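In the working numbering, the protein residues as written are 2 to 428.
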């Protein structure tokens, strides 16, 4: 049987990355199609209900809050449970939630609270999924040098479906019936769950049992254990200067990106004069740049080293964010969004691979979710800030202010990577 995705080209064949990787790649790619349609549909629905940027941004804010509320617990559970089982169980549950949302929209009762509640529940599942997901690539791809190719392949596959194919297709389906994109999202979760269910291998962290802590009277031992595990993951991240500083930079970049995304549907409609399909194409431009960035990331790291690539990516993000906010026309804005997508994916792939390199396998779930707590917590703040800033200073303001934040993040990146392990290009 030919390995799934054998024609992936410059990312390397799945035969070299392992047959299990092919299943994971397919699950992520299929799920990305549904996620991309929901990403388009929820803002369009919110914009139909209200013209208030704060209420539209509230839907994005609701999708970010679970990272603050359950992120650390999700990381601790991921290091205790079979990670494969967590992945398929969470996707099955999300299929049910998305299906219920589609049915509610079809009945003609959409509202901002309903959209926010559904986004919140789906992202609660995403936090559990991400905690378990953090150690999947190291478990499947044993060779450290191959992991950047694996991460690039995963990011590229998800981008093609989530932000290149899904936005125009989702906008088209939305024009036919607003419930259709959400229904596709529910189906994609179900397919992804089935693919991960048939995956074979041991995905347990197998962390050593620690001595039981006395705790408070009446406190269950399992609760004490989770609290101990969470504290261990947070403490490990806090003691590692490279990852700690990169975590803060990731928070700054996510703050900016989410703030821009929160008002993008209104920016596309009211500033650039785009309809729903044009908004979908603007999102697709991000994917075009992102796929290019994902393809280039492994080669760039080999040639220039991790430090230079991370620094250049953040600097490029600042420039393209400013240009997007000042764009005089939709075509110019689309090119700037594509550039921002390329810089974002280069940063993400390089930073994730560095984290997988530095963090022990038995701590990867907890440390990754501690990292995500800061990054996505900043995203929640960014969504709220973007809505308020757009209301007070206009729809271009989140882009221009975000560029200034990213310029400061570039300075922090230079410090963060001074002590990072040298890559082959730097040795």
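All residues carry an ideal CB built from backbone N, CA and C; glycine is no exception.
Bear in mind the structure is a predicted one, so any value in this text is a computation, not a measurement.
Within 8 angstroms, strictly: CB atoms of residue i and residue j
i, j, result
"residue 324", "residue 273", "no"
"residue 168", "residue 282", "yes"
"residue 141", "residue 42", "no"
"residue 407", "residue 319", "yes"
"residue 337", "residue 316", "no"
"residue 234", "residue 77", "yes"
"residue 123", "residue 99", "yes"
"residue 24", "residue 200", "yes"
"residue 230", "residue 83", "no"
"residue 413", "residue 246", "yes"
"residue 335", "residue 172", "no"
"residue 267", "residue 54", "yes"
"residue 384", "residue 47", "no"
"residue 179", "residue 128", "no"
"residue 1", "residue 326", "Because the chain spans 2 through 428 in this model, residue 1 falls outside it and cannot be assessed."
"residue 91", "residue 192", "no"
"residue 380", "residue 259", "yes"
"residue 269", "residue 280", "yes"
"residue 402", "residue 391", "no"
"residue 26", "residue 194", "no"
Separation of residue j from residue i, as counted between CA atoms
i, j, result
"residue 133", "residue 51", "37 angstroms"
"residue 152", "residue 299", "9 angstroms"
"residue 22", "residue 155", "9 angstroms"
"residue 210", "residue 131", "Because the pLDDT of residue 210 is 45, which lies under 50, any placement of that residue in the model is unreliable, and the number read from its coordinates should be weighed accordingly. One C-alpha to the other measures close to 24 angstroms."
"residue 290", "residue 138", "24 angstroms"
"residue 175", "residue 120", "17 angstroms"
"residue 393", "residue 295", "36 angstroms"
"residue 196", "residue 29", "10 angstroms"
"residue 374", "residue 113", "25 angstroms"
"residue 370", "residue 244", "13 angstroms"
"residue 101", "residue 242", "44 angstroms"
"residue 312", "residue 157", "21 angstroms"
"residue 378", "residue 71", "11 angstroms"
"residue 86", "residue 228", "22 angstroms"
"residue 177", "residue 232", "49 angstroms"
"residue 95", "residue 340", "32 angstroms"
"residue 97", "residue 125", "14 angstroms"
"residue 349", "residue 404", "18 angstroms"
"residue 165", "residue 285", "4 angstroms"
"residue 308", "residue 376", "20 angstroms"
"residue 310", "residue 110", "47 angstroms"
"residue 382", "residue 69", "11 angstroms"
"residue 351", "residue 359", "12 angstroms"
"residue 355", "residue 302", "11 angstroms"
"residue 1", "residue 170", "With the chain covering 2 to 428 only, the question about residue 1 has no answer from this structure."
"residue 386", "residue 357", "31 angstroms"
"residue 353", "residue 118", "30 angstroms"
"residue 271", "residue 105", "28 angstroms"
"residue 304", "residue 49", "48 angstroms"
Residues near residue i by beta carbon distance below 6 angstroms, same chain, minus five either side
i, result
"residue 372", "248"
"residue 56", "113"
"residue 75", "128, 129, 132 and 370"
"residue 415", "312"
Residue-level contact to chain B via CB, residue i, 8 angstroms cutoff
i, result
"residue 110", "This model lacks chain B altogether; it includes just one protein chain."
Contact set for residue i: own chain, Cβ-Cβ below 8 angstroms, skip 5 residues either direction
i, result
"residue 163", "33, 34, 36, 37, 40 and 288"
"residue 73", "231, 234, 235, 367, 370, 371 and 374"
Chain-order list of residues whose beta-carbon lies under 7 angstroms from that of residue i (same chain, five-residue window excluded)
i, result
"residue 410", "250, 253, 254 and 315"
"residue 238", "244, 245, 248, 368, 371 and 372"
"residue 103", "180, 183, 184 and 187"
"residue 293", "343"
"residue 116", "43, 46, 47 and 60"
"residue 198", "89"
Report yes or no: do three or more beta-carbon pairs, one from the region 239-250 and one from the region 141-156, lie closer than 8 angstroms? no
Pairs of beta-carbons, one from the region 353-365 and one from the region 260-271, closer than 8 angstroms: are there three or more? No contact exists between the region 353-365 and the region 260-271.
So does the region 183-192 actually touch the region 62-77, counting three or more Cβ pairs closer than 8 angstroms? no
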